[in-house]
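Below: the structure, in structure tokens.
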Amino acid sequence: MRTGLLKKRSAKAGLPPGSLVHIGEAKPVRSKITVLRYNEEECEEFEAGDVERCLALKDLPGVTWIEIEGISHAETIEKIGQRFDLHPLLLEDIMNSDQRPKIEDYDEYLFVVLKKIRFDEKGLTLYAEQISMVLGPRFVITFHESEGGIFDPVRLLLKSGKGRIRKLGADYLVYSLIDVVVDNYFVVLEGLGESIEGLEARLIANPGASILKAMQALKGSTIYLRKAVWPLREVINSMERDQSPLIQSSTHVYLRDVYDHTVHIMDTIEAFRDTLAEMLDIYLSSISNRMNEIMKVLTIIATIFIPLTFIVGLYGMNFEYMPELKLRWGYPAVLLIMLAVCIFMVFYFKRKKWF
Amino acid sequence: MRTGLLKKRSAKAGLPPGSLVHIGEAKPVRSKITVLRYNEEECEEFEAGDVERCLALKDLPGVTWIEIEGISHAETIEKIGQRFDLHPLLLEDIMNSDQRPKIEDYDEYLFVVLKKIRFDEKGLTLYAEQISMVLGPRFVITFHESEGGIFDPVRLLLKSGKGRIRKLGADYLVYSLIDVVVDNYFVVLEGLGESIEGLEARLIANPGASILKAMQALKGSTIYLRKAVWPLREVINSMERDQSPLIQSSTHVYLRDVYDHTVHIMDTIEAFRDTLAEMLDIYLSSISNRMNEIMKVLTIIATIFIPLTFIVGLYGMNFEYMPELKLRWGYPAVLLIMLAVCIFMVFYFKRKKWF
Amino acid sequence: MRTGLLKKRSAKAGLPPGSLVHIGEAKPVRSKITVLRYNEEECEEFEAGDVERCLALKDLPGVTWIEIEGISHAETIEKIGQRFDLHPLLLEDIMNSDQRPKIEDYDEYLFVVLKKIRFDEKGLTLYAEQISMVLGPRFVITFHESEGGIFDPVRLLLKSGKGRIRKLGADYLVYSLIDVVVDNYFVVLEGLGESIEGLEARLIANPGASILKAMQALKGSTIYLRKAVWPLREVINSMERDQSPLIQSSTHVYLRDVYDHTVHIMDTIEAFRDTLAEMLDIYLSSISNRMNEIMKVLTIIATIFIPLTFIVGLYGMNFEYMPELKLRWGYPAVLLIMLAVCIFMVFYFKRKKWF
Amino acid sequence: MRTGLLKKRSAKAGLPPGSLVHIGEAKPVRSKITVLRYNEEECEEFEAGDVERCLALKDLPGVTWIEIEGISHAETIEKIGQRFDLHPLLLEDIMNSDQRPKIEDYDEYLFVVLKKIRFDEKGLTLYAEQISMVLGPRFVITFHESEGGIFDPVRLLLKSGKGRIRKLGADYLVYSLIDVVVDNYFVVLEGLGESIEGLEARLIANPGASILKAMQALKGSTIYLRKAVWPLREVINSMERDQSPLIQSSTHVYLRDVYDHTVHIMDTIEAFRDTLAEMLDIYLSSISNRMNEIMKVLTIIATIFIPLTFIVGLYGMNFEYMPELKLRWGYPAVLLIMLAVCIFMVFYFKRKKWF
Amino acid sequence: MRTGLLKKRSAKAGLPPGSLVHIGEAKPVRSKITVLRYNEEECEEFEAGDVERCLALKDLPGVTWIEIEGISHAETIEKIGQRFDLHPLLLEDIMNSDQRPKIEDYDEYLFVVLKKIRFDEKGLTLYAEQISMVLGPRFVITFHESEGGIFDPVRLLLKSGKGRIRKLGADYLVYSLIDVVVDNYFVVLEGLGESIEGLEARLIANPGASILKAMQALKGSTIYLRKAVWPLREVINSMERDQSPLIQSSTHVYLRDVYDHTVHIMDTIEAFRDTLAEMLDIYLSSISNRMNEIMKVLTIIATIFIPLTFIVGLYGMNFEYMPELKLRWGYPAVLLIMLAVCIFMVFYFKRKKWF
């Protein structure tokens with residue numbers, strides 16, 4: 036995943052700027068287009084099998100939300116671009132699923148790029164998909180790399196007619212969509228947090244080499260999440276601060292709220308990183324403690340036997356005149372002496388708190 | 036506590052923004068409402084069992100302070116929100132006890148979030164509760180997660196009528212409340228400081244594994260405290276700097292004073308972190324020193340005996356023609372030689388300052 | 036390459052500013068000059084063997100692009116400088132191939148310095164060449180240290196007449212050239228990425244000393260690339276932001292796009308650096324693990340034999356009265372005892388999880 | 036000293052703001068008040084045993100400098116506060132000797148807090164005392180925690196009438212006092228520098244555990260000094276930059292000069308910290324070198340004797356048919372072989388540069 | 036050199052500001068004064084043995100450059116100060132050779148302080164001298180701590196009349212002098228670079244303790260150089276940016292060029308620091324590798340002999356009933372068994388890749 040951050044963009048080297056080539060993993064499915072049109076009174080949704088039909092809708096009253104699932108089909112993107120008068124570079128960015136979260140102001144519309152993230156609790160890795168949004172005066176177009184299920188809560192809310200959402204404009208819809216994506220990050224954070232806690236428990240029970248790998252995977256996921264959230268913060272901040280006529284001032288307070296959520300996510304990510312760093316310290320010190328303990332016990336055993344081995348070697352010498360060897364009680368005396376040496380050393384080590 | 040920074044916010048994923056759901060540990064107690072109304076001449080306090088009764092008070096002359104203990108009861112919060120015309124997102128923030136300290140300016144009122152912190156000297160951990168405040172033109176509403184005893188000194192001061200507090204407006208009351216919270220941080224700091232000093236003494240006496248855990252707990256507490264104070268600093272700074280009409284210029288000098296206190300707290304926290312980092316260094320170096328010492332002494336013992344063991348092995352050989360073995364004084368001579376070798380090596384090691 | 040960042044600039048110490056001395060590795064080839072002149076309708080290209088002929092072209096209608104390959108020939112540079120009225124310090128910078136990427140605004144023209152980079156997958160090092168560009172109202176002059184093949188895609192595009200490029204001005208040409216250079220960085224990034232992945236595979240298979248060298252070479256390359264891209268970012272940013280009349284506002288959106296690419300490159304470089312840092316950690320820990328494993332196994336072997344050697348030494352003593360020695364079953368009994376000691380220790384070590 | 040940074044401020048928790056309680060180490064001595072009044076022509080000094088008498092002086096022509104030694108007597112501070120119309124929070128700050136250096140602008144007067152520092156060369160620690168100054172239009176009041184001897188040079192200069200000081204206003208007097216305090220920091224720096232150099236010499240001669248403690252004490256002192264100087268820099272900078280009418284523009288150039296001195300002090304402190312960090316590296320590497328050297332020599336000795344011990348053990352075997360044992364020259368031959376093995380191993384180790 | 040950054044400034048503590056005392060190493064030589072006066076047509080130079088004579092020159096037409104070598108003679112400095120109306124603090128700064136590079140704008144003249152640096156390739160240390168410059172409307176005064184030979188190229192250029200220098204004003208002269216100083220830093224950089232490369236070669240050949248010292252000396256020199264160049268960058272930047280009437284706008288482009296050079300120097304210094312950090316890593320890992328290798332080989336030797344020693348001890352036992360001892364082929368069989376054990380262990384170690 037790490038070096039995988041770099042998708043094969045070199046395929047574009049040499050092409051003129053604005054060429055529509057899909058950069059990303061190959062998912063050459065045909066785009067699915069869903070249109071949802073609403074105003075305070077009513078809300079209708081239909082699937083537009085044909086791009087043309089969908090495009091005829093632009094000038095209707097109320098807010099129109101066009102959701103496009105699948106971005107690898109260049110022709111669809113191009114047609115929508117022509118119909119809504121989108122800049123070629125913007126279309127290029129939509130098809131290139133390898134963008135940082137960003138916002139761009141094209142005067143007549145705002146262009147927002149986000150990342151949808153899913154946490155795989157088995158592999159401890161994150162999977163990201165790009166979501167692009169175009170906010171016009173009375174329309175919103177969203178582009179998903181694959182499926183758009185993440186926006187279902189907003190869709191349901193729109194259909195049910197509850198809350199403020201149908202009374203407010205396209206800018207509030209974009210806010211709601213961003214809010215759903217950010218709420219989703221909290222789910223990812225909880226998955227990460229639980230994995231970290233589980234790992235912490237395993238670490239205390241039995242620190243093995245597999246834990247090191249899991250810690251590195253989690254650290255990588257944490258860094259990746261931060262890379263997705265950090266620029267998003269700037270995106271939301273600039274939506275709130277820049278006085279774009281497309282965003283009404285009543286929406287600012289909601290944007291400030293999402294902004295607070297991203298700050299909160301960043302804080303939690305920092306806390307996770309601290310925890311992981313601490314766990315690594317604990318892991319390393321437990322490994323080195325175990326090694327030190329082994330060396331210590333073994334060395335102590337060796338040291339107790341070294342003087343004893345010297346003594347038995349001493350009475351293994353073949354001198355003719357060694358009076359001790361002739362003594363009846365020589366052998367038991369030596370055994371006692373060795374026992375005494377042994378006891379003395381154990382006491383000495385104990386008193387020095389060596390074990 | 037670390038990963039516990041993340042409360043189950045995912046419970047809200049999918050709900051429309053502004054939904055009132057209590058996020059935090061479950062404390063579903065009924066809210067207790069205390070109202071305190073005062074002006075320069077008089078001060079009356081009563082407990083408002085019923086929300087309605089409390090709400091009828093808004094338009095009285097003087098300053099009204101409504102203190103609400105317990106935030107898990109959505110209905111109470113909602114009623115107060117309606118009566119005082121508070122923004123739904125603000126109410127959401129009050130019920131979500133998982134906020135960073137922050138200030139938000141809603142033109143007609145200011146919204147301030149703080150953390151009340153208690154230090155548990157046994158577990159060396161911190162416990163935080165959220166305090167939210169709404170400052171209106173002539174009223175202050177404070178929300179506590181559980182009990183509000185921390186504000187008793189201000190309450191007593193108001194009742195006694197001493198000092199300036201009754202002569203000044205609601206903004207001075209808010210300042211006084213913040214001041215009490217910040218003063219409380221000094222108590223936490225002292226608890227932390229004493230625990231650190233106690234640990235330092237234990238560390239010098241006998242560095243064991245339990246000390247490492249205590250150091251990490253204290254480090255975690257220090258980081259947590261910093262996370263509470265750092266944004267508070269910004270809150271107070273923006274109260275002083277932003278020209279909100281709700282805060283009179285005469286209060287600015289007091290806010291600057293609390294600001295100085297928060298700077299002071301940050302300095303002390305930094306000093307604590309330095310001390311803890313130094314203690315970790317001392318701990319690690321004392322562990323490694325002890326291990327080195329063990330290895331050194333044991334290796335020296337081994338080394339002294341290795342040549343001796345060689346010598347006794349030499350005269351344990353079974354050659355027929357070994358003239359030394361026949362000598363009457365062979366055995367004592369070898370004993371003397373070994374003693375000499377032993378003495379020489381001890382001197383050699385001493386001169387090399389190896390022990 | 037590292038210290039090689041410093042070319043022999045001291046050769047110039049003492050000369051008055053503006054002296055034209057080529058600083059860089061000696062490539063005293065004669066400059067090759069190619070002129071390409073185009074407008075919306077037509078495009079002609081010819082090689083100008085003589086500087087004079089090329090210089091006569093300035094005042095023609097349309098955009099003129101003069102490409103100069105080889106910068107060591109002072110006379111050519113000087114003549115062009117005189118003809119286009121370029122500042123002496125600018126000419127000095129062109130000949131001194133030891134510049135950071137930068138942009139300088141001389142009112143009548145912009146001066147841009149970039150680095151063309153090639154990655155040598157064998158040596159894992161980067162080779163850089165300097166490209167200087169002068170953007171005037173209706174002309175562009177590019178200077179290459181050696182060959183200019185990198186710009187061939189732009190040349191082909193101009194000749195083919197496809198896309199917008201022939202309809203737009205000299206500023207768009209400069210943008211296209213910069214875009215080509217930046218696209219080329221992606222090729223370098225992919226080469227680096229593949230080398231890093233290959234190294235990662237080798238690292239897991241068998242961590243040897245050669246891997247450390249390769250890691251350091253790749254780290255050096257990564258740092259070098261960052262040094263080339265970081266200031267380039269600023270260059271593009273200031274082209275977009277500064278309101279130079281030489282750059283039309285319609286080109287700004289394209290510059291913002293290249294700017295995004297440089298940000299992306301910086302992100303990828305950071306990811307590479309993280310990966311390399313992690314690989315170094317893995318390398319170091321695998322080296323130290325292997326050493327620890329060796330020490331552990333050997334120490335355990337030694338420890339098992341130490342008590343056994345003591346026992347055999349014990350019965351090698353020459354006391355006259357050692358009743359065990361006379362026993363018929365003494366020898367097998369001792370062998371059994373030693374086997375028991377051996378088994379006990381292996382079990383003890385196993386239970387302590389020492390191997 | 037480290038955790039001692041936190042004085043018992045909690046004693047104030049719960050008191051209303053502005054309560055005058057002395058925070059600091061208990062020095063309940065009665066304040067000593069010295070008044071010095073001067074203008075261009077004359078200068079008179081007297082000790083004002085009574086606060087009242089001193090206070091009657093305010094409206095005299097010329098500049099009045101009131102120096103108060105001892106700040107623990109609340110009544111004195113309060114009276115002066117009333118007489119000069121000082122803000123209650125300012126008086127609180129004066130009595131609380133636990134402030135960071137700071138400047139506060141109360142429109143009618145400036146309030147400056149500084150630290151006087153003394154270096155104890157024995158204990159390698161710093162002792163700080165707080166100096167507070169109030170600069171009014173034609174008066175200066177200085178408050179010392181204990182004695183005010185540090186200002187004697189300014190006092191002498193005023194009495195002697197030399198230099199510009201008597202011709203200029205109260206702002207120049209404050210500048211002169213700050214200048215004296217900053218000059219004093221250079222004395223502290225020199226003491227620190229000499230201690231560091233002395234320690235460096237001892238470190239090279241014989242690195243022992245006491246040196247580690249001394250290094251940590253010096254590091255702590257360096258950090259403490261930085262904490263005193265860093266905010267002072269800001270104080271002086273804001274005196275120069277902010278256009279307070281109390282500071283004449285002719286004094287700005289002098290303030291800039293003191294500012295340069297503080298920058299210089301910060302630079303030197305950084306250099307000290309670098310030196311101390313380097314010394315720690317040298318200390319750690321010399322400790323580990325010595326340990327490595329011990330292990331190496333001892334292991335080499337052990338290794339030389341291991342094969343020899345094997346050989347002597349070989350000929351200690353009791354096989355009946357060992358032809359070598361019967362040989363007349365067997366014993367000397369084995370001795371020679373062992374000598375050869377010994378020499379070979381020493382040569383081998385030498386060639387491998389192991390010792 | 037490190038702690039030597041602090042010269043005995045405490046000698047001034049207590050003196051009134053503006054007292055002229057030379058701070059720096061004692062070089063009490065009499066100042067040598069050289070005057071060079073030029074305009075577009077002519078250029079005359081003479082040595083002014085007497086200060087008075089030199090001072091009479093100020094009001095002549097053309098540009099006057101007064102060079103003063105030796106700053107320890109207070110009287111000379113004072114006279115020049117009076118004649119040119121220089122501020123006392125400026126004179127103090129000139130005599131105090133312990134300044135950071137800085138620029139100060141005294142409205143009627145600019146004051147610039149720089150450092151001239153020489154690299155001692157033997158000691159691997161830097162020697163710095165201070166150069167102060169005063170730029171007036173039509174005069175430049177330069178002050179050197181000792182000799183002024185560094186400016187000879189400018190002097191020659193002025194006398195020769197080549198280039199632009201005689202046509203331009205005093206500001207261009209100051210630029211030329213700064214340019215010479217910065218060009219000189221490149222010479223220092225090359226010396227440093229060559230020393231680092233030489234050290235790198237020695238490091239690979241044979242890493243010894245002397246290399247560590249050399250690396251630390253070079254690191255210290257690098258840090259010192261950075262301390263001289265970093266503020267100089269700001270000096271030049273503020274000369275270019277601030278709209279002082281003393282500097283004509285035509286000189287700005289030249290200042291920007293020198294500014295680029297200082298940026299380049301900073302980059303190279305950073306590269307040197309990276310290289311030195313890498314070399315330290317290589318040094319440390321080669322030391323630890325060698326130690327590990329020694330330990331490994333020795334431990335392997337020990338481990339091979341431990342079982343063999345056990346076997347020979349086994350047959351050294353004195354049991355009466357050990358049937359093997361009676362066997363004719365017992366001895367050779369044991370020798371063969373030991374050989375087999377030996378070969379098995381060597382193969383085992385080889386297969387485990389332990390050596």
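Protein chains in written order, with our numbering: chain B, 36 to 390; chain E, 36 to 390; chain D, 36 to 390; chain C, 36 to 390; chain Y, 36 to 390.
Don't be surprised by glycine CBs; every beta carbon is placed ideally from N, CA and C.
query                                                                                                                : result
Within 7 Å of chain Y by C-beta, residues of the segment 352-379 of chain C in sequence order                        : MET352, ASN353, PHE354, GLU355, TYR356 and MET357
Chain-ordered neighbours of LYS137(D) on chain Y, where CB pairs are closer than 8 Å                                 : ASP295
Euclidean distance between Cα positions of TYR144(B) and ARG308(Y)                                                   : 48 Å
Distance between ASP214(B) and ILE304(B) (C-alpha atoms, nearest Å)                                                  : 18 Å
C-beta neighbour in chain Y for VAL302(C), strict 8 Å                                                                : In the sequence as presented, Val is not what sits at residue 302(C); that position holds Asp. Yes, ASP302(C) lies at the interface with chain Y (some Cβ there is under 8 Å from its Cβ).
Minimum Cβ-Cβ distance from ILE329(D) to chain Y less than 8 Å                                                       : yes
Residue burial classification, SER245(C) (beta-carbon count within 10 angstroms, cutoff 16)                          : exposed
Helix, strand or coil at TYR162(Y) according to DSSP, with G and I counted as helix                                  : strand
Min CB distance MET326(D) to chain Y below 8 Å                                                                       : yes
Limits of the unbroken alpha helix (DSSP H) element including TYR210(Y)                                              : 205-240
Residue-chain proximity (LEU40(Y), chain C), Cβ-Cβ < 8 Å                                                             : Here LEU40(Y) scores only 39 on pLDDT, less than 50, and its place in the model should not be relied on; the value that follows carries that caveat. Closer than 8 Å to some Cβ of chain C, the Cβ of LEU40(Y) qualifies, so yes.
For ALA263(B), the nearest candidate out of ARG325(B), TYR318(B), LYS197(B) and ASP133(B) (CA to CA)                 : ASP133(B)
Bridge-paired residues (DSSP) for HIS122(Y)                                                                          : DSSP lists no partner for HIS122(Y).
Proximal residues of chain B, C-beta to C-beta of PRO342(D) below 8 Å                                                : ILE336 and PHE340
Any chain E beta carbon closer than 8 Å to LYS385(C)                                                                 : no
Start and end residues, alpha helix (DSSP H) containing LEU360(Y)                                                    : 358-361
Per DSSP, the bridge partner or partners of GLU80(D)                                                                 : LEU71(D)
Pair within 8 Å by beta-carbon distance, HIS250(E) and ILE138(E)                                                     : Position check: residue 250(E) holds Met in this sequence, whereas His was assumed. Taking 8 Å as the Cβ cut-off, MET250(E) and ILE138(E) do not qualify as a contacting pair.
Backbone secondary structure at SER66(E) - three-state DSSP                                                          : coil
Proximity winner among TYR220(C), THR160(C), LEU203(C) and LEU161(C), relative to ILE185(C) (alpha-carbon distances) : TYR220(C)
Own chain residues within Cβ distance below 6 Å of THR38(D), not counting five before or after                       : Low per-residue confidence applies at THR38(D): pLDDT is 34, beneath 50, and the placement is therefore not dependable enough to give any value.
MET36(Y) at chain D interface by Cβ criterion, 8 Å                                                                   : At MET36(Y) the pLDDT is 34, less than 50, meaning the model places this residue with poor confidence; the figure from the coordinates comes in the next sentence. Not closer than 8 Å to any Cβ of chain D, the Cβ of MET36(Y) fails to qualify, so no.
Exposure of TYR207(E), with buried meaning 16 or more beta-carbon neighbours within 10 Å                             : buried
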